[in-house]
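Notes to accompany the following structure.
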Amino acid sequence: MRKAFPVEDLARDARFVRVPITDRFNDPRTARVDDGSSKTKRGPGRLTPDRPDAPDAARALMHGIFVGEIQALEGAGRTCWDFEVGAGNGEGVQEVPFELKLDMARQCWDEARHCEISIKLSDHMGTELGEFSENTFLYEAACNPDPVLRLTGVNRALEGLAIDVFNTMREFGDIAGDPVLEFCEDWMLADEVTHVKMGSDWLRRLTANDKPRQERALEFQRVVDKLFSLGGFRGEEDDSPVRLARRFRELAGFEEAEMDTLAEIAREARVEMEARVEANRAAVGTSAH
Amino acid sequence: MEESARRVGNYKWVEMRLFEVLGGWVATVPELDVKLRLGTHCYHHAWHAELWHKRLPELREMNPERLTAPANDELVSFIDAMTEPEGPDLTIEKLVGAYRVLIPAKIAAYTYHLNNTSTITDAPTIRSLKFALADELDDWRDGEMMLQSLIETEDELQRAIDHQAKLQRLLLAAGGIAGPGSIGDSYATHEENHA
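Line by line, the protein sequences give chains L and U.
Counting the first sequence from 1 gives a position; the working numbering is that position plus 317.
Counting the second sequence from 1 gives a position; the working numbering is that position plus 1.
Right, here's the structure in full:
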């Protein structure tokens with residue numbers, strides 16, 4: 318078996334349908350645009366049970382979590398296989414500490430359980446597997462040949478997003494009076510904090526004497542964070558569908574300044590998306606005349 | 002003690018190869034249930050590797066890496082062949098290698114060790130062997146159930162048989178996961194052993 322497994326070869330059964338992430342980003346339906354009245358904001362907005370589309374929005378989010386869990390499992394598994402154990406730190410010589418691989422194996426088990434939980438929760442919410450599309454960006458981040466960048470991109474950026482998503486879903490379950498959803502999300506949230514902490518710890522440990530590499534890893538994390546802010550999907554605005562979970566991120570090794578930066582990245586992503594939607598609308602209006 | 006340390010080093014090497022390949026295979030298998038089981042079992046074997054890694058210094062091997070080694074070159078050839086399948090249409094071959102060849106061999110070697118070491122002086126090894134064996138037996142059963150659910154035609158059955166025979170020959174040449182004597186020599190007489 319090869320040491321690097323490309324995203325296009327990722328194995329799925331016939332139920333799954335892939336949609337490129339660029340198509341999703343460019344879909345204006347994912348943006349929220351304020352036309353002057355807070356009651357007529359278009360787009361998803363904050364996930365609350367009183368939204369008319371709340372059941373479908375929650376089902377779509379749950380399915381997104383499910384495919385994310387599969388890819389997180391695959392990515393952690395590949396990190397077990399792709400690198401040799403050795404005294405190196407993964408740069409140049411593709412060697413990583415034995416303990417890093419043990420952490421990745423542990424993460425495999427956690428993600429496998431999360432997949433099982435997600436399958437049962439999806440069924441509980443009335444969703445069939447494959448009902449919503451899958452994009453493979455999480456696994457793409459897990460293909461980075463530098464293990465430090467791989468762990469930073471996956472464990473800090475994407476698993477960090479998972480903290481925000483699980484916390485949002487946990488609160489949604491609480492408000493909606495769904496103890497099953499709240500219970501499951503709470504347990505998965507605990508695992509995600511552990512995974513993000515693994516990323517934080519290994520980033521610091523492997524780059525303790527290599528600040529340029531640490532900065533490259535953090536830059537990679539910022540790129541991934543911005544992509545997954547999804548035009549303001551995750552942020553600290555009142556109507557952000559997924560809220561930044563500062564308390565849990567702090568437990569996972571995030572510093573206050575990092576979370577401020579993340580909130581700023583989310584705001585930038587939102588402004589860019591809104592500008593893009595306005596431009597598209599103007600172009601459509603012009604061509605209509 | 003030296004023999005116990007050597008075997009424990011061999012065990013750690015084998016457990017590492019197994020958890021690494023199970024993790025690597027997760028992305029390559031399309032069957033969702035298999036994918037999840039491989040992820041779970043990946044951790045079981047990583048934990049066994051960690052148990053053996055921690056046991057080595059207690060057996061007077063202060064540099065665990067020195068004894069973390071394959072029993073012989075033939076075992077390396079076996080592992081290379083076992084870890085070779087990658088394609089999405091080769092799930093049967095992947096599972097046969099792990100669950101019909103390697104894991105049964107580990108169960109045999111661990112059981113032999115368990116039954117033939119000192120219950121007093123080597124009690125820590127026995128405790129780890131019992132933990133590992135509990136996982137191995139559960140995983141063996143899971144793997145066999147997955148295989149039986151995948152093997153539905155004569156052709157698939159033949160693929161499983163052929164691949165098992167190929168790997169079994171390689172493992173025979175290696176003498177087991179800890180080399181010759183992995184499960185002792187049941188036909189050696191007491192006199193021969195002490196000759």
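Yeah, the Cβ is synthetic: ideal placement off N, Cα and C, and Gly gets one too.
None of these values were measured; they are calculated from a predicted model.
Would you verify that the beta carbon of U/M17 is, or is not, closer than 9 Å to some beta carbon of chain L?
-> yes
Between which two residues does the alpha helix (DSSP H) containing L/K320 stretch?
-> Looking at the DSSP string, L/K320 is not in any alpha helix (DSSP H), and its letter there is neither H nor E.
Please list the partners that L/G394 has in chain U, where partner means a Cβ-to-Cβ separation under 7 Å.
-> G24, G25, V27, A28, G40, C43
Own chain, CB closer than 7 Å to L/I387, minus 5 neighbours either side, in chain order = C432
Taking Cβ positions only, does U/A196 come closer than 9 Å to chain L?
-> Here the model assigns U/A196 a pLDDT of 49, short of 50, so the residue's position is not dependable, and the following value carries that caveat. Judged by the 9 Å Cβ criterion, U/A196 is not in contact with chain L.
Where does L/R332 fall in DSSP's three states?
-> coil
Keeping to the same chain, check which residues put their C-beta closer than 8 Å to that of L/L455; ignore five residues upstream and five downstream.
-> G385, Q388, A389, G392, V471, L475
Using a Cβ-Cβ cut-off of 8 Å (strictly less than) and excluding sequence neighbours within five positions of L/D262, which residues of its own chain qualify?
-> Limits of chain L in this structure are 318 at one end and 606 at the other, which puts residue 262 of chain L out of reach.
To which residues does DSSP link U/G185 through a beta bridge?
-> U/S183
Are L/M515 and L/D420 touching if we call contact CB-CB under 9 Å?
-> yes
Own chain residues within Cβ distance below 6 Å of L/R335, not counting five before or after | E451
Roughly how far, in whole angstroms, is the beta-carbon of L/R551 from the beta-carbon of L/D481, given that I think they are within contact range, below 8 Å?
-> 5 Å
Output yes or no for whether 9 Å exceeds the beta carbon distance between L/A328 and U/P86.
-> no
Exposed or buried, L/S354, counting other C-beta atoms within 10 Å across all chains shown (16 or more means buried)?
-> At L/S354, the pLDDT of 44 sits below 50, so the modelled position is not reliable; the number obtained from the coordinates is stated separately. Exposed, since its Cβ has fewer than 16 Cβ neighbours within 10 Å.
What are the complete alpha helix (DSSP H) segments, minimum 4 residues, inside the region 43–71 of chain U?
-> 65–68
When you compare each of U/G185, U/A50, U/T84 to U/L115 by their alpha carbons, which one comes out closest?
-> U/G185
Three-state secondary structure assigned by DSSP to L/E451 = strand
Determine the direct distance from the alpha carbon of U/W53 to that of U/E66, and round the result to whole angstroms.
-> 11 Å
Determine the burial state of U/Q159: buried for a count of at least 16 other Cβ atoms within 10 Å of its Cβ, exposed for fewer.
-> exposed
So which residues of chain L does U/L60 contact, with C-beta pairs closer than 7 Å?
-> Near U/L60 there are no residues of chain L at all, since even the closest Cβ is about 18 Å away, more than 7 Å.
Between the Cα of U/K55 and those of U/L37, U/T126, U/L96, U/I121, spot the shortest distance and give me the residue it belongs to.
-> U/T126
Cross-chain neighbours of L/W398 in chain U, by beta carbon under 7 Å = E21, V22, G24, G25
Do you know whose CA, among U/D34, U/R38, U/A161, U/A50, lies nearest U/V15's CA?
-> U/A50
Any Cβ of chain U within less than 9 Å of the Cβ of L/C425?
-> yes
Count the other CB atoms, across all protein chains shown, that sit within 10 Å of the CB of U/N117; report buried if there are 16 or more and exposed otherwise.
-> exposed
Mind listing which residues of the region 83–94 of chain U have their C-beta closer than 8 Å to chain L's C-betas, in chain order?
-> T84, E85, P86, E87, P89
Using the Cα positions of L/E488 and U/D139, report the straight-line distance between them to the nearest angstrom.
-> 37 Å
Please compile the residues from chain L whose C-beta is within a distance smaller than 8 Å of the C-beta of U/H54.
-> F415
When we look at the beta-carbon of U/N11 and count the other beta-carbons within 10 Å, is it buried (16 or more) or exposed?
-> buried
Return the Cβ separation of U/A6 and U/L39 in integer angstroms, given the expectation that the two are a contact with Cβ distance under 8 Å.
-> The pair is not a contact, with the Cβ atoms about 31 Å apart (cut-off 8 Å).
Interface flag, L/A328 vs chain U, CB-CB below 9 Å = yes
Answer yes or no: do U/A175 and U/A72 have a C-beta to C-beta separation smaller than 9 Å?
-> yes
Since L/R560 sits in a beta bridge, which residues does DSSP pair it with?
-> L/G552
Does the beta carbon of U/L76 come closer than 9 Å to any beta carbon on chain L?
-> no
Measuring only between beta-carbons, confirm whether L/C432 sits less than 9 Å from chain U.
-> yes
Measure from the C-beta of L/M318 to each C-beta in chain U and report whether the shortest distance is under 9 Å.
-> yes
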